[in-house]
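Protein chains in written order, with the numbering used here: chain A, 55 to 387; chain B, 55 to 387; chain C, 55 to 387; chain D, 55 to 387.
Don't be surprised by glycine CBs; every beta carbon is placed ideally from N, CA and C.
Quick caveat, the model's predicted, so the values are computed rather than measured.
Written below as structure tokens is the structure these notes are about.
4 protein chains.
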Amino acid sequence: MLNFALFGAGRIGKMHARNLASHPKAKLRWVYDINPEASQAVGQETEAQIAQDVETILSDAQVNAVLIATSTDTHADLIVQSAKAGKAILCEKPIDLSIERVDWCRDQLQSYSVPIQIGFNRRFDPSHRKVAQAAQSGEIGELEQVIISSRDPSPPPKEYYLVAGGMLRDMTIHDFDLARFVLNEEVTKVTALAGTLFDPVAQEIDELDSAMILMQTARGKLCHINNSRHATYGYDQRLEAHGSQGMIRSENQQATTVERFNANETYRRDPLPEFFIERYTQAYLDQIDSFIEAVESGNPPSVTYEDGRRALILANAAYQSLESGKTITVSYA
Amino acid sequence: MLNFALFGAGRIGKMHARNLASHPKAKLRWVYDINPEASQAVGQETEAQIAQDVETILSDAQVNAVLIATSTDTHADLIVQSAKAGKAILCEKPIDLSIERVDWCRDQLQSYSVPIQIGFNRRFDPSHRKVAQAAQSGEIGELEQVIISSRDPSPPPKEYYLVAGGMLRDMTIHDFDLARFVLNEEVTKVTALAGTLFDPVAQEIDELDSAMILMQTARGKLCHINNSRHATYGYDQRLEAHGSQGMIRSENQQATTVERFNANETYRRDPLPEFFIERYTQAYLDQIDSFIEAVESGNPPSVTYEDGRRALILANAAYQSLESGKTITVSYA
Amino acid sequence: MLNFALFGAGRIGKMHARNLASHPKAKLRWVYDINPEASQAVGQETEAQIAQDVETILSDAQVNAVLIATSTDTHADLIVQSAKAGKAILCEKPIDLSIERVDWCRDQLQSYSVPIQIGFNRRFDPSHRKVAQAAQSGEIGELEQVIISSRDPSPPPKEYYLVAGGMLRDMTIHDFDLARFVLNEEVTKVTALAGTLFDPVAQEIDELDSAMILMQTARGKLCHINNSRHATYGYDQRLEAHGSQGMIRSENQQATTVERFNANETYRRDPLPEFFIERYTQAYLDQIDSFIEAVESGNPPSVTYEDGRRALILANAAYQSLESGKTITVSYA
Amino acid sequence: MLNFALFGAGRIGKMHARNLASHPKAKLRWVYDINPEASQAVGQETEAQIAQDVETILSDAQVNAVLIATSTDTHADLIVQSAKAGKAILCEKPIDLSIERVDWCRDQLQSYSVPIQIGFNRRFDPSHRKVAQAAQSGEIGELEQVIISSRDPSPPPKEYYLVAGGMLRDMTIHDFDLARFVLNEEVTKVTALAGTLFDPVAQEIDELDSAMILMQTARGKLCHINNSRHATYGYDQRLEAHGSQGMIRSENQQATTVERFNANETYRRDPLPEFFIERYTQAYLDQIDSFIEAVESGNPPSVTYEDGRRALILANAAYQSLESGKTITVSYA
């Protein structure tokens, strides 16, 4: 049984709170948010205590682990403070938008031996996971190509854009991590094309809403990511791996297995999940399972700090490619 | 919040115990089984108290509701005792194998006003439910035909056969209820063909392992059920409704959305669920939701005692058709 | 190379004319129809000569084979005349609506040794054919159950109803033959339920528009057929075979492999084929191939006169079941 | 009715010969191949006359059109000679491997007004065509992204590699054309990553066997192509278009609609088509239809010489990107 504290009680924090509250091996002991109403809402729903500050939580010896779901700019500090306090850490992605801050935080962490896991939830999706396993087990032979289609249902509001750090660091970062997970080799080359094709808000603030990326590993494996900030048909999340002996793909999901046929429709299924909370329900649960198991067993978490760092390095490389018109050779040093 | 007692801690009882234990509006207060080891196992897993007898449970004023998952021959007595004790009742199907006992029990229940719901779980399956809703909402126009495919993965052991009351009363009873649920009109005619095609155990004890049934309502709607006691590809559960404006069907499920392609395989998906506990996970949860909601609101349960009785009457009619070589006109009096 | 004469230049005759005209091993030498305009239309399109009467054709020694696509009531006489003239015969289904006429014609045919094939086109559909092959090759083990879904897009006009001989002899006859083809054993029991659920014209003339049938072979294999005279979503033609080692099904077809996704649609494919000419295009071509091959090789045709006769016997048994409320034991004597 | 001469009687030439021979509006009058056995084989099968040289054909006033299916290095000369002779031209892709030769040929063609169509067969595939139509009709709103998956079943022999001009000019050229067809705007930027991942022959002669490409139009539309010289599961040909109002995709095809289920298989369909002749059967027929219609109507062919030229320019740009590590700005001047 692990006693958790939750930092951040926004949309994703609330979901984590519920998952922790109903987890047989977790207890949600504290919740903290800069917005007291948000933490109160979680407190009422889950019996977690409401903390007025971070220190109260970190000084509570009963707390074994923290889940950081605050705004991105606070992640690095909270990680370092929690590490100092000896708490195991599950931190939402991205670690930080600045690679310098990420490196600083990494250096700080050298002094502490707490387990830290980055919240790349998609690695835990049962369908995506089977693709990754097939890519690594030899089920499809030697892996050659990976294709990731990842499209959000609709563009975020302006305020979100302004703090998100850019599409590739905010949205594509999940796909960079998923690519690394399936490729199981470091990416050495990145090239990208992107644009603002439909969203007037993105246009106004000079943001991207559409992107395509190519990557290659040292041994030549190829990977493609396609992204869009909108998809009328729902949250599109697909993954495809090609190997020397076959192909395996993870297709989109529907809530039921119903198919409809009439004068205008043939094989119409239920809509795709609305967004990540609906799509990755099981993945978020399995992510917590995996974290708890790592903490309890003393094994290293399955998604490391360095995984978080390298996904950001790939996002930065893609931006560099867009700006320079060059294929970027990636350095992780 | 409803305090539950569970009668019966076998395979399905254990599943109900877990569902009740993790339900936000339920508390599993007691468990009873004639086999003390079975009740202890549930007790350890769920914090329910272990009762030595039924009376202890029924005399506990804190108990609001009982879930009856004992062997079929004990259902009727437990229903009557629980009703006398004023407990709300959720009873596994079938009520009893004998229509005389079912009628006797019904007569006893006249004196008590406790809510009673029969455990026809398939009505709560989200996919089947959408088919039923489309059949009744006009989404497919006026309903005309219903087709139910329902195949178990493998035949039961001899001991099960001997107490199960015959394939049509044990297995097809679910399909009779599902037919009634989707048709939403009483069946007036039943005809059937069946046989023992593959199972040597069934052969030995003169049991069926394969069956096909046709039914018709007073207004002419048609329904077909096909059943088998085995299916190498898993637990096959499909439902199809045809109306004047279209068709809707509930197809089988897979654990993931993965599709595989190689030299020998094209579009291979994950296997079907193994059996009812895996297939109807959500349905069993929603069944309890529905029961709790009915008890708390005072509304009648959505699956009534009479529903349980009429499914048995249809099973009996199908047997009569097999024996007499006639299309049976069904009477529910 | 076979020289053909075509009797009947209606809708299906026209299609046959085109198929014969473009077949590398066939030449369409003559066309005859009681309606001279119909035969002229075919003549213009295909270079076939237009015959004023049947005799001209049958006395032409160059004619090797006749394809009979006239109205059903003329089939038996044309078969006998063509057999007398020594022509190979490909005759559209049904042979005749009266079993007495069919038997009379059969007796006449004893004296002649011409090859005769009945036009049960569905046996030649590549998808249905694979199901039948799997049922017989052991691919699905020992065959146990067959399920046929067969639904026309929309009810015929009154004039058609009046000469068609009843739904089961006109429409279901195809399914009776398909059942026999897949079962590969003679049906010994038939029971049916049917009604008039939607078509006011059928209602007016006391015809059926909806039917469900069950059949069983001597060795116990089970078969279900469901039929409707309408389906808003197109011509629904599905076939499913269950064996001791697995299941194989032939699903509906679409003109393309396109799938559409938008705010209202998920996985929408192209519509089903409109009707039999669009759905069984390849089957009609393969039927002619098979006939030509039989005639040229001297091997018996793959669909025999007796196949035509027995499908009618099953249709008659189903009517008997509807009228008597009994499961009919079928006799083929 | 158009009288055709066929140059080239290899694998694809033979297929064209059959298609022309059975086309109601075409007559295959001549066939020529440098290998007399090849032209004889076609002559026997189709009643075409066998020409000893090109001149015999081009001086035959009865010949209206030529279909050029010879080796790539002969295309440009044959085009110019045929144009001089006033014949309409349908020429297999690519026009030539050298853009200088293509430009020279284009300049020569200025003097003649014969219709010329390049054999980009995929534009005529009914499924791909629906995607292109949806992209242009507004069915999916404003087009934003196109994704092309195109994988050959197995690598070619060494001799083929040595004359094919490189993977991007030989294989991807089809995808460049398909991209242009669906995008319906000129591509202005190209970037690519590629490698030799599996084929020892390709390795030996320093050829590619795997490639991924990104492209963008002046208005920002994005396109991705992924290619491989092998796919154990057959000839993989998929196309996907994303617009502001939805997505449409053309999935792979199977020969039948059969689905298999057993202890090891769930939903297994028939294999994908083996290669282009099986996959694009209908497309090759519709390509000839389209060419004949253009010639007879005097309208410009739907796939122009310039289309052939621009696909080559894109292939060259992709090679440039691979060599320079840069995103190439494409010039069509």
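- Contact of C:G300 with chain D by beta-carbon distance below 8 Å involves R314, F315, N316, A317, E319.
- Residue state for A:T110 is assigned as helix, using DSSP reduced to three classes.
- DSSP lists B:V200, B:I302 as the bridge partner or partners of B:A295.
- Per the coordinates, the alpha-carbon of A:R176 lies some 34 Å from the alpha-carbon of D:M225.
- For B:Y214, the closest of B:R363, B:E305, B:T126, B:N281 by C-alpha to C-alpha distance is B:T126.
- In the pairwise beta carbon analysis, the stretch 281-292 of chain A is classified as not touching the stretch 277-284 of chain D: fewer than three pairs are separated by under 8 Å.
- It is roughly 17 Å from the alpha-carbon of D:I202 to the alpha-carbon of A:A246.
- Taking a C-beta distance under 8 Å as the contact criterion, D:L163 and D:A139 do not qualify as a contact pair.
- In the structure shown, A:M221 falls within a helical segment according to DSSP collapsed to helix, strand and coil.
- Just measuring C-alpha positions, the residue of D:D253, D:R223, D:A189 sitting nearest D:E239 is D:A189.
- Membership of C:F330 in the alpha helix (DSSP H) is indicated by the continuous run 330-333.
- Contact check for B:F315 and D:Y321: beta-carbon distance about 12 Å, past the 8 Å limit, so the pair fails to qualify.
- Residue burial is scored here from C-beta neighbours: D:G67 has at least 16 other C-beta atoms within 10 angstroms and is therefore classed as buried.
- Residues of chain B whose Cβ lies closer than 7 Å to the Cβ of C:S282 are, in chain order, E198, Q199, H296.
- Shown in chain order are the members of the stretch 232-247 of chain A whose Cβ falls below 8 Å from a Cβ of chain D: K243, T245, A246, L247.
- For secondary structure counted as the beta strand (DSSP E) over 3 or more consecutive residues, the stretch 246-273 of chain A holds these complete runs in sequence order: 264-271.
- Here A:M55 is exposed: its Cβ has fewer than 16 other Cβ atoms, across all protein chains shown, within 10 Å.
- Annotated three-state conformation of D:D324 is coil, per DSSP.
- The Cβ of B:S304 sits closer than 8 Å to at least one Cβ of chain A.
- Here D:A123 is not near D:W84, since their CB atoms are 8 Å or more apart.
- In terms of Cβ geometry, C:I267 and C:P148 do not form a close pair [threshold 8 Å].
- For A:I194, there is no enclosing beta strand (DSSP E), as DSSP marks it with neither H nor E.
- Neighbourhood of B:Y287 in chain D, by CB distance below 7 Å: F315, N316, A317, T320, in chain order.
- Looking at the DSSP output, C:E146 sits in a beta bridge with C:G173.
- Fewer than three pairs of CB atoms, one per stretch, sit closer than 8 Å, so the stretch 129-136 of chain A makes no contact with the stretch 323-338 of chain A.
- Within the stretch 66-110 of chain B, the complete beta strand (DSSP E) segments at least 3 residues long are 80-86, listed from N- to C-terminus.
- Residue-level contact check: C:S181 touches chain D, since one or more beta carbons of chain D fall below 8 Å from its beta carbon.
- Contact annotation, B:A137 with B:I342: C-beta distance approximately 20 Å; criterion of less than 8 Å not satisfied.
- Under the DSSP assignment, D:N316 falls in the beta strand (DSSP E) whose first and last residues are 312-316.
- Taking C-beta atoms under 8 Å as the contact rule, C:A365 and C:R234 qualify, at a distance of about 7 Å.
- Separation of D:V108 and D:K141 (C-alpha to C-alpha, rounded to the nearest whole angstrom) is 13 Å.
- Under the three-state reduction of DSSP, A:T381 is assigned to coil, being neither helix nor strand.
- The C-beta of C:L293 comes no closer than 8 Å to any C-beta of chain A.
- In the DSSP assignment, D:L232 falls within the unbroken alpha helix (DSSP H) covering 226-237.
- DSSP places C:H278 in the uninterrupted beta strand (DSSP E) bounded by 276-282.
- Spanning the alpha carbons of D:G297 and A:A248 requires a straight line of approximately 15 Å.
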